[in-house]
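Below: one structure, written as structure tokens.
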Amino acid sequence: MPAIHKSHHRQILAALLLILLITPIAIFSGGTENDVENKSALFSAELAEALTSIESDSRISVIVEFPEGTSTNEMVEKIQLAGLKSVQIRYAFHLIPMVSLSIRGDEVQALADVPFIEEISLNRERQLLDEPVPQERYIPAENGDGYVHFDSILGADLMWAEGFNGTGITIAVLDSGAWGDHPDLQDRLIGFKDLISGHDDMNPLDGVDAYDDNGHGTACAWNAVGDGTASGGELKGVAPDANVLAIKVLDSSGSGEDDVIAQGIEFAVEQNVDVISISLGGDWEDNMFLVEPSVREIENAISAGISVVVAAGNSGPAALTINSPGITEEAITVGSSYDDTGVIAFSSVGPVLRTTSNPNGYTAKPDIVAPGYQVVSGRGNNVLELEYPAYNSSQFDSSYTRWSGTSASTPMIAGLVALLAQKHLTLTPLEAKAALMRSATDLGEDPMIQGWGLANVSRASQLLTDSSRDITLMTPRGFPTLPWSSQALIVGDERPPQNVTIISTHTLGLVNITLSGNASQFVETNVDQISIPTGYSYFVIELTIPEDVPLSAAGLYIGHLNLSQGIDILASIDISYSVTLFGGRMMVDMEHHSTGPGGDIDQPSYYGYFTEYLREHGMIVTEFGDPEDLSRSYIDLSTISSADVFTIMDTETSYTEGEIASLHEFVENGGTLLVFSEFFNQSTGTPSFAFDDYNEILEPFGIQCEQRSIGVGLDGFGLVYGTNHGGYVEADPLMEGVNNLYVIQGSSLQVNPSISNARGLFWEDAAKTHAIVATADYGRGNVYVISDGSTLYDDILFDAIKSEADNLRLLRNLARTIVPDAPRIFDVELSIGDFGEEANVTAYIFDDDLVDVSMSVIGPLGVNLTGTVIETLGYRFSTGFTFTSGGFYSIQVEATDSAGNIRMFQKTILVPVDAADDVLVLTIVFSLLGVVGVGLGYDGPG
Numbered sequence: 033m034p035a036i037h038k039s040h041h042r043q044i045l046a047a048l049l050l051i052l053l054i055t056p057i058a059i060f061s062g063g064t065e066n067d068v069e070n071k072s073a074l075f076s077a078e079l080a081e082a083l084t085s086i087e088s089d090s091r092i093s094v095i096v097e098f099p100e101g102t103s104t105n106e107m108v109e110k111i112q113l114a115g116l117k118s119v120q121i122r123y124a125f126h127l128i129p130m131v132s133l134s135i136r137g138d139e140v141q142a143l144a145d146v147p148f149i150e151e152i153s154l155n156r157e158r159q160l161l162d163e164p165v166p167q168e169r170y171i172p173a174e175n176g177d178g179y180v181h182f183d184s185i186l187g188a189d190l191m192w193a194e195g196f197n198g199t200g201i202t203i204a205v206l207d208s209g210a211w212g213d214h215p216d217l218q219d220r221l222i223g224f225k226d227l228i229s230g231h232d233d234m235n236p237l238d239g240v241d242a243y244d245d246n247g248h249g250t251a252c253a254w255n256a257v258g259d260g261t262a263s264g265g266e267l268k269g270v271a272p273d274a275n276v277l278a279i280k281v282l283d284s285s286g287s288g289e290d291d292v293i294a295q296g297i298e299f300a301v302e303q304n305v306d307v308i309s310i311s312l313g314g315d316w317e318d319n320m321f322l323v324e325p326s327v328r329e330i331e332n333a334i335s336a337g338i339s340v341v342v343a344a345g346n347s348g349p350a351a352l353t354i355n356s357p358g359i360t361e362e363a364i365t366v367g368s369s370y371d372d373t374g375v376i377a378f379s380s381v382g383p384v385l386r387t388t389s390n391p392n393g394y395t396a397k398p399d400i401v402a403p404g405y406q407v408v409s410g411r412g413n414n415v416l417e418l419e420y421p422a423y424n425s426s427q428f429d430s431s432y433t434r435w436s437g438t439s440a441s442t443p444m445i446a447g448l449v450a451l452l453a454q455k456h457l458t459l460t461p462l463e464a465k466a467a468l469m470r471s472a473t474d475l476g477e478d479p480m481i482q483g484w485g486l487a488n489v490s491r492a493s494q495l496l497t498d499s500s501r502d503i504t505l506m507t508p509r510g511f512p513t514l515p516w517s518s519q520a521l522i523v524g525d526e527r528p529p530q531n532v533t534i535i536s537t538h539t540l541g542l543v544n545i546t547l548s549g550n551a552s553q554f555v556e557t558n559v560d561q562i563s564i565p566t567g568y569s570y571f572v573i574e575l576t577i578p579e580d581v582p583l584s585a586a587g588l589y590i591g592h593l594n595l596s597q598g599i600d601i602l603a604s605i606d607i608s609y610s611v612t613l614f615g616g617r618m619m620v621d622m623e624h625h626s627t628g629p630g631g632d633i634d635q636p637s638y639y640g641y642f643t644e645y646l647r648e649h650g651m652i653v654t655e656f657g658d659p660e661d662l663s664r665s666y667i668d669l670s671t672i673s674s675a676d677v678f679t680i681m682d683t684e685t686s687y688t689e690g691e692i693a694s695l696h697e698f699v700e701n702g703g704t705l706l707v708f709s710e711f712f713n714q715s716t717g718t719p720s721f722a723f724d725d726y727n728e729i730l731e732p733f734g735i736q737c738e739q740r741s742i743g744v745g746l747d748g749f750g751l752v753y754g755t756n757h758g759g760y761v762e763a764d765p766l767m768e769g770v771n772n773l774y775v776i777q778g779s780s781l782q783v784n785p786s787i788s789n790a791r792g793l794f795w796e797d798a799a800k801t802h803a804i805v806a807t808a809d810y811g812r813g814n815v816y817v818i819s820d821g822s823t824l825y826d827d828i829l830f831d832a833i834k835s836e837a838d839n840l841r842l843l844r845n846l847a848r849t850i851v852p853d854a855p856r857i858f859d860v861e862l863s864i865g866d867f868g869e870e871a872n873v874t875a876y877i878f879d880d881d882l883v884d885v886s887m888s889v890i891g892p893l894g895v896n897l898t899g900t901v902i903e904t905l906g907y908r909f910s911t912g913f914t915f916t917s918g919g920f921y922s923i924q925v926e927a928t929d930s931a932g933n934i935r936m937f938q939k940t941i942l943v944p945v946d947a948a949d950d951v952l953v954l955t956i957v958f959s960l961l962g963v964v965g966v967g968l969g970y971d972g973p974g
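By the numbering used here, the letter at position 116 of the sequence shown is numbered 148, and the numbering carries on one by one without gaps.
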């Protein structure tokens with residue numbers, strides 16, 4: 033959810049205290065304290081941390097960077113002249129001013145004395161980017177049913193029909209190697225370089241002696257250039273007549289250090305390849321002192337005219353998860369689609385955030401997607417059946433496999449670039465990237481999920497021809513994007529600015545930036561003109577809802593952001609957002625997750641779809657407590673005072689009796705309790721969640737978690753329950769359109785028939801003995817219980833859809849159902865100026881049929897200070913009084929709607945005698961709902 037900023041909550045009250053705490057990290061002894069500080073300034077934080085955790089005589093691999101223009105010989109000479117006995121130079125780069133070396137920990141400090149060294153950082157490890165998953169759950173392994181025809185999905189078959197299949201183009205695949213005797217690769221391999229063991233075969237005349245001790249590299253190489261020999265031409269890679277140079281940069285476990293990967297890129301550049309495909313990566317940290325040779329070498333390769341295609345990563349569906357080196361701006365960064373229907377949940381999601389490097393700010397990635405689920409590829413000779421099961425073995429023996437991941441998608445895009453390069457001679461990396469993005473199929477996903485969409489090489493080729501290669505586009509292709517919602521709150525919604533990237537294959541000069549439609553009311557750019565060179569340029573776009581917007585402003589806002597010269601629109605992106613009323617607050621219990629062994633912290637970022645459905649109704653999500661905070665937060669009516677809905681999901685630690693009683697009272701007073709249980713292992717008799725506490729919480733509502741497991745299908749998959757599987761679904765608004773549910777692992781529910789308001793809604797069995805979804809009315813509130821917390825997870829929803837289950841519909845119904853009927857209080861503020869001046873209590877209250885708002889202020893010594901309540905904007909209610917002294921002030925707000933539902937807020941706050949200093953500030957604003965409150969009640973008709 034977007035951050036809600038109310039600037040008047042954060043005014044400086046008395047003075048600005050700036051504390052500059054600089055604590056140098058002790059690396060190893062030697063030199064004065066000042067010397068250590070000065071030298072350590074060259075170290076990345078990651079390296080400094082690593083040095084504190086190793087023995088002084090242990091070796092560590094580091095990267096040192098020299099100024100641009102320093103030759104390889106000069107770098108090596110300066111390091112050797114330092115006389116450090118333990119230094120072993122791993123590789124001195126030729127195309128970038130860096131050297132990777134191994135050194136004892138106690139000599140790293142002395143590296144900072146080497147003349148002209150600018151930065152020293154840890155040599156980071158990278159991993160292959162797939163997690164092979166057996167596919168038998170969906171596709172029979174013995175035949176060809178379900179083959180993903182990615183050649184036709186990507187438009188490659190149309191290029192083949194024109195006679196373009198990659199002839200004369202070379203793709204370098206940096207991975208775990210390639211099996212040189214695979215029938216589909218034998219004639220395609222023109223060289224093999226093993227940078228792990230030092231072997232190579234760069235003479236293709238007698239066949240290339242290449243190997244792959246993992247299987248990942250063979251599958252990647254095949255997706256790019258597999259020629260279909262083993263299948264009689266039935267199964268092919270994207271560019272079946274292109275050549276492949278296999279460069280082994282990962283070991284048998286799929287791991288490799290960044291300097292080796294960079295060395296592989298440099299080798300590919302020196303070999304004059306046309307395209308480089310990289311299906312590996314790792315976490316990225318934007319740090320001016322963190323040197324990543326692979327990123328620098330990718331930038332260098334693209335400058336040399338070589339297209340570089342990199343996997344986005346498999347860290348989705350959370351935002352800001354693009355892996356490095358996929359974060360490289362000029363590279364083509366690839367996510368994974370399921371056929372041509374949508375993006376897979378595991379595909380990493382943008383944007384990329386840079387705070388210390390350029391382009392500074394939030395920038396769009398990935399660029400494009402290609403199929404990456406259950407795709408057929410070449411199978412290596414040294415693989416595990418569990419990881420790479422044979423595909424259609426009855427017909428093709430063991431030549432092919434099925435696998436999933438952005439690793440699979442990336443070489444497909446590399447193959448598309450090869451097809452374009454064969455047809456459009458002298459094609460530049462910029463032209464290839466711009467054409468593929470601009471011609472992609474919009475899958476209707478957020479731009480930070482799909483980029484510009486699903487690649488189609490035939491349309492990209494036609495675009496290159498029709499435009500004479502003059503292509504201009506802006507990315508992201510829509511706004512606003514993740515991680516912010518398209519639902520903006522009317523009470524004031526301020527988001528960080530985002531970068532709009534202009535990619536242009538030709539120089540345009542000065543162009544105009546204009547906004548059209550009613551969307552322009554709350555959207556602005558930092559400039560209205562920009563000079564566009566060939567390449568990349570940037571400007572900033574921002575959505576801000578001010579705090580004084582009237583109720584009438586709620587609604588849909590659409591329009592376009594255009595680049596124009598004269599009457600010509602050069603590029604355009606869609607803008608669409610809604611201004612919504614505040615619909616309530618769902619608070620998620622984070623405090624009771626365990627951080628110890630077996631702990632599993634379910635972050636709200638895991639359920640983005642549900643969060644977005646809540647935002648459609650104006651509901652926001654907040655968190656209660658922090659399991660990693662040493663200070664404990666306890667549930668009571670004051671600490672959860674701002675919540676309309678309180679959610680407990682798969683928590684592991686115990687609840688106190690007081691907390692349980694407070695939850696019961698919260699529901700009785702009109703709140704909604706949402707509970708997601710988890711797995712109970714029947715074979716061991718152990719739950720993965722606070723089983724006994726859950727049952728104590730749920731006991732008054734007539735619902736209990738059973739010592740009985742559900743879900744847990746074969747090979748890590750779940751099971752489907754519902755009307756098509758012997759179950760029963762009750763008629764209820766929550767179950768509308770929900771006939772089947774996909775459950776990974778949960779525990780069934782027992783509903784007590786003697787409690788009249790307790791009801792099972794979704795039953796595992798037609799006899800209605802074991803429920804999966806249950807509800808209860810209690811007092812003036814409601815309880816909803818679902819037996820598997822992962823039902824909410826974005827990455828589970830994909831499996832649910834493919835299993836023809838209705839989890840997504842359940843989440844949409846749930847979001848609609850838990851919107852409170854009672855008036856919703858967004859915030860209550862107490863504004864106090866100097867003595868003798870007017871103070872104000874302001875409440876932000878929302879309800880479609882609000883009929884009355886009453887407010888009272890009781891000052892020190894019990895003096896009633898209540899004034900007339902004044903309404904403005906349709907949702908802001910204020911009352912004023914003269915501020916005469918500090919002390920305790922009791923504030924009460926009561927809102928009533930036409931149905932008789934009442935929402936009450938009550939709080940006592942201590943105002944200090946010297947609350948305001950009229951020299952520094954005019955007013956202090958206490959946000960009463962955002963901190964600990966004293967008392968919160970709900971009421972209703974009758």
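For every residue, glycine included, the Cβ atom is placed at its ideal position computed from N, Cα and C. All values reported here derive from a predicted model rather than from experimental measurement.
8 Å contact criterion, which residue i and residue j should meet: CB distance rounded
i	j	result
residue 132	residue 93	7 Å
residue 665	residue 623	5 Å
residue 586	residue 537	Actually they are not in contact, since the Cβ atoms of residue 586 and residue 537 sit about 42 Å apart, beyond 8 Å.
residue 694	residue 667	5 Å
7 Å CB neighbourhood of residue i in its chain, flanking five on each side removed
i	result
residue 892	917, 919 and 920
residue 912	870, 871, 872 and 899
residue 299	225 and 279
Close-in-space but distant-in-sequence residues of the same chain around residue i (CB under 6 Å, 5 per side omitted)
i	result
residue 902	910
residue 750	743, 774, 775 and 776
residue 461	334 and 339
residue 156	290
Contacting residues, own chain, Cβ-Cβ under 8 Å from residue i (five flanking each side not counted)
i	result
residue 797	758, 759 and 760
residue 940	920, 921, 922, 923 and 966
Buried versus exposed, by CB contacts within 10 Å (16 or more), residue i
i	result
residue 647	buried
residue 239	exposed
residue 284	exposed
residue 765	exposed
residue 309	buried
residue 95	buried
residue 485	buried
residue 84	exposed
residue 984	Residue 984 cannot be examined here, being either before or after the span of the chain that is shown, 33 to 974.
residue 555	buried
Alpha helix (DSSP H) segment containing residue i, residue limits
i	result
residue 254	248-257
residue 726	723-730
residue 696	689-700
residue 447	438-455
Residue range of the beta strand (DSSP E) that includes residue i
i	result
residue 316	Per DSSP, residue 316 belongs to no beta strand (DSSP E) and is neither H nor E.
residue 403	400-403
Any chance the stretch 274-285 sits against the stretch 105-121, with 3 or more Cβ pairs inside 8 Å?
no
Give a yes or no on contact between the stretch 645-662 and the stretch 726-745, applying the rule of three or more CB pairs nearer than 8 Å.
no
Take every Cβ of the stretch 263-274, pair it with every Cβ of the stretch 311-330, and state whether three or more of those distances are shorter than 8 Å.
Counting Cβ pairs under 8 Å, fewer than three are found: no touch.
Using 8 Å as the Cβ pair cut-off and three pairs as the minimum, do the stretch 610-620 and the stretch 833-843 touch?
A contact is defined here as three or more CB-CB pairs under 8 Å, and the stretch 610-620 fails this definition with respect to the stretch 833-843.
Assess, as a yes-or-no matter, whether the stretch 443-463 is touched by the stretch 246-262 under the definition of 3 or more beta carbon pairs within less than 8 Å.
yes
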